[in-house]
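Here the structure comes first, spelled out in C-alpha coordinates, and everything after it is commentary.
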Amino acid sequence: MTAPGAMWRCPSCGRTFAATGQVHTCRALGDLDAHFARCEPAVRAVFDGVVAAVRALGPVEVLPERTRVALHARMSFAAFVPRRRWLDGHLVLARVVDSARFRRVEVYSAHNVLHAVRLTSTAELDDEFRGWLAEAYLVGVQHHRR
(Lines of atoms letter the chains of each structure in order from A and count residues from 1; the text may use other names and numbers.)
(Lines give C-alpha, C1' and ligand atoms only; values in the text may rest on other atoms or scores of the structure.)
Protein backbone atom coordinates (compact mmCIF):
# COMPACT_ATOMS: atom_id res chain seq x y z
CA MET A 1 0.00 0.00 0.00
CA THR A 2 1.24 3.49 -0.81
CA ALA A 3 1.89 5.69 2.24
CA PRO A 4 -0.74 8.38 2.89
CA GLY A 5 -0.08 11.26 0.52
CA ALA A 6 2.52 9.30 -1.47
CA MET A 7 1.96 8.43 -5.10
CA TRP A 8 2.95 5.21 -6.85
CA ARG A 9 4.57 5.62 -10.27
CA CYS A 10 4.07 2.83 -12.78
CA PRO A 11 7.55 1.65 -13.80
CA SER A 12 6.34 0.88 -17.34
CA CYS A 13 4.48 4.04 -18.38
CA GLY A 14 5.42 6.56 -15.69
CA ARG A 15 1.86 7.53 -14.72
CA THR A 16 1.20 8.22 -11.07
CA PHE A 17 -1.58 6.73 -8.96
CA ALA A 18 -2.75 6.91 -5.35
CA ALA A 19 -2.84 3.09 -5.06
CA THR A 20 0.25 0.91 -5.42
CA GLY A 21 -0.10 -1.39 -8.42
CA GLN A 22 -3.20 0.43 -9.70
CA VAL A 23 -4.70 -1.54 -12.58
CA HIS A 24 -4.51 0.52 -15.76
CA THR A 25 -3.55 0.27 -19.39
CA CYS A 26 0.05 1.31 -19.92
CA ARG A 27 0.05 3.47 -22.98
CA ALA A 28 2.15 6.44 -23.93
CA LEU A 29 0.31 9.70 -23.57
CA GLY A 30 -0.61 11.47 -26.77
CA ASP A 31 -0.13 15.01 -27.99
CA LEU A 32 -2.53 17.51 -26.43
CA ASP A 33 -2.55 19.70 -29.54
CA ALA A 34 -3.57 16.72 -31.69
CA HIS A 35 -6.81 16.44 -29.70
CA PHE A 36 -7.74 19.95 -30.86
CA ALA A 37 -6.43 19.80 -34.44
CA ARG A 38 -9.90 19.62 -36.03
CA CYS A 39 -11.69 21.86 -33.54
CA GLU A 40 -12.72 25.45 -33.82
CA PRO A 41 -10.37 27.70 -31.79
CA ALA A 42 -13.12 28.41 -29.26
CA VAL A 43 -13.03 24.75 -28.16
CA ARG A 44 -9.35 24.99 -27.18
CA ALA A 45 -10.05 28.30 -25.43
CA VAL A 46 -12.75 26.61 -23.32
CA PHE A 47 -10.42 23.73 -22.42
CA ASP A 48 -7.57 26.09 -21.56
CA GLY A 49 -9.98 28.04 -19.34
CA VAL A 50 -10.95 24.86 -17.51
CA VAL A 51 -7.30 23.94 -16.95
CA ALA A 52 -6.45 27.46 -15.74
CA ALA A 53 -9.33 27.34 -13.25
CA VAL A 54 -8.14 23.98 -11.92
CA ARG A 55 -4.49 25.06 -11.72
CA ALA A 56 -5.63 27.95 -9.51
CA LEU A 57 -6.81 25.26 -7.05
CA GLY A 58 -3.58 23.26 -6.91
CA PRO A 59 -1.34 20.87 -8.84
CA VAL A 60 -2.95 18.97 -11.69
CA GLU A 61 -1.68 16.68 -14.44
CA VAL A 62 -3.18 17.10 -17.91
CA LEU A 63 -3.14 13.64 -19.47
CA PRO A 64 -3.82 13.51 -23.23
CA GLU A 65 -4.94 9.91 -23.51
CA ARG A 66 -5.98 8.16 -26.71
CA THR A 67 -9.69 9.06 -26.55
CA ARG A 68 -9.87 11.88 -24.00
CA VAL A 69 -7.89 14.41 -22.02
CA ALA A 70 -8.01 13.61 -18.30
CA LEU A 71 -7.32 15.94 -15.38
CA HIS A 72 -5.54 14.06 -12.61
CA ALA A 73 -4.47 14.88 -9.06
CA ARG A 74 -4.23 11.76 -6.86
CA MET A 75 -6.91 10.34 -9.16
CA SER A 76 -8.66 11.54 -12.30
CA PHE A 77 -11.51 13.89 -11.46
CA ALA A 78 -12.47 15.25 -14.86
CA ALA A 79 -12.03 14.32 -18.50
CA PHE A 80 -12.82 16.03 -21.78
CA VAL A 81 -13.30 15.04 -25.41
CA PRO A 82 -12.87 17.91 -27.85
CA ARG A 83 -15.45 17.97 -30.62
CA ARG A 84 -15.44 20.25 -33.64
CA ARG A 85 -17.66 22.95 -32.11
CA TRP A 86 -17.83 22.08 -28.40
CA LEU A 87 -16.09 20.33 -25.54
CA ASP A 88 -17.77 17.25 -24.08
CA GLY A 89 -16.62 16.14 -20.68
CA HIS A 90 -17.42 15.09 -17.19
CA LEU A 91 -16.66 16.08 -13.63
CA VAL A 92 -16.55 13.55 -10.80
CA LEU A 93 -18.26 14.99 -7.73
CA ALA A 94 -18.94 13.50 -4.30
CA ARG A 95 -22.65 14.27 -4.56
CA VAL A 96 -25.46 14.47 -7.08
CA VAL A 97 -25.97 17.97 -8.48
CA ASP A 98 -29.36 18.61 -10.05
CA SER A 99 -28.70 21.15 -12.79
CA ALA A 100 -29.88 21.49 -16.37
CA ARG A 101 -26.26 22.23 -17.24
CA PHE A 102 -25.44 18.55 -16.80
CA ARG A 103 -26.48 16.30 -19.67
CA ARG A 104 -26.31 13.14 -17.58
CA VAL A 105 -25.53 12.12 -14.01
CA GLU A 106 -24.30 8.61 -13.15
CA VAL A 107 -23.83 7.47 -9.55
CA TYR A 108 -21.01 4.93 -9.18
CA SER A 109 -20.56 5.27 -5.41
CA ALA A 110 -21.15 7.80 -2.64
CA HIS A 111 -18.01 9.77 -3.56
CA ASN A 112 -17.95 9.02 -7.28
CA VAL A 113 -20.79 10.72 -9.16
CA LEU A 114 -20.10 11.48 -12.82
CA HIS A 115 -21.69 14.67 -14.18
CA ALA A 116 -21.54 14.95 -17.99
CA VAL A 117 -21.34 18.42 -19.47
CA ARG A 118 -21.07 20.07 -22.88
CA LEU A 119 -19.24 23.40 -23.03
CA THR A 120 -19.37 25.73 -26.03
CA SER A 121 -18.04 29.02 -24.69
CA THR A 122 -15.67 30.40 -22.07
CA ALA A 123 -18.69 32.33 -20.74
CA GLU A 124 -19.90 28.99 -19.35
CA LEU A 125 -16.87 28.88 -17.04
CA ASP A 126 -18.73 31.03 -14.54
CA ASP A 127 -18.69 30.96 -10.73
CA GLU A 128 -21.14 28.06 -10.60
CA PHE A 129 -19.04 25.91 -12.94
CA ARG A 130 -15.81 26.89 -11.17
CA GLY A 131 -17.43 25.79 -7.92
CA TRP A 132 -18.11 22.37 -9.42
CA LEU A 133 -14.52 22.22 -10.67
CA ALA A 134 -13.36 22.93 -7.11
CA GLU A 135 -15.57 20.11 -5.81
CA ALA A 136 -14.22 17.76 -8.48
CA TYR A 137 -10.66 18.73 -7.57
CA LEU A 138 -11.36 17.77 -3.95
CA VAL A 139 -12.46 14.35 -5.21
CA GLY A 140 -9.25 14.18 -7.26
CA VAL A 141 -7.05 14.86 -4.22
CA GLN A 142 -9.20 12.38 -2.26
CA HIS A 143 -10.18 14.97 0.33
CA HIS A 144 -13.00 12.68 1.49
CA ARG A 145 -10.41 10.13 2.72
CA ARG A 146 -8.77 12.53 5.16
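Taking our numbering, the leading residue of the sequence shown gets 819, the next gets one more, and so forth. Every residue gets a Cβ at the ideal spot worked out from N, C-alpha and C, and that includes glycine.
Selection from the options that minimises the alpha carbon distance to residue i
i: A918; options: A874, V935, G839; result: V935
i: A860; options: W904, E953, V925; result: W904
i: R834; options: M893, A852, A863, R856; result: One point to set straight first is that residue 834 is Thr, not Arg, in the sequence displayed. The shortest C-alpha separation from T834 is found at M893.
i: H908; options: R922, D916, R902, R901; result: R922
i: L850; options: P882, R862, W826; result: P882
i: D944; options: G832, C831, G867, R856; result: G867
i: A837; options: L911, S939, R886, W826; result: W826
Per-residue burial, residue i [other beta carbons within 10 Å of its own, 16 or more giving buried]
i: A928; result: exposed
i: E953; result: buried
i: V841; result: exposed
i: G958; result: buried
i: Y955; result: buried
Identity of the residues DSSP links to residue i by a beta bridge
i: R827; result: T834
Residue ranges of each alpha helix (DSSP H) run of no fewer than 4 residues wholly in the region 874–954, ordered along the chain?
none
Entirely within the region 841–869 and at least 4 residues each: give me those alpha helix (DSSP H) ranges in chain order.
850–853
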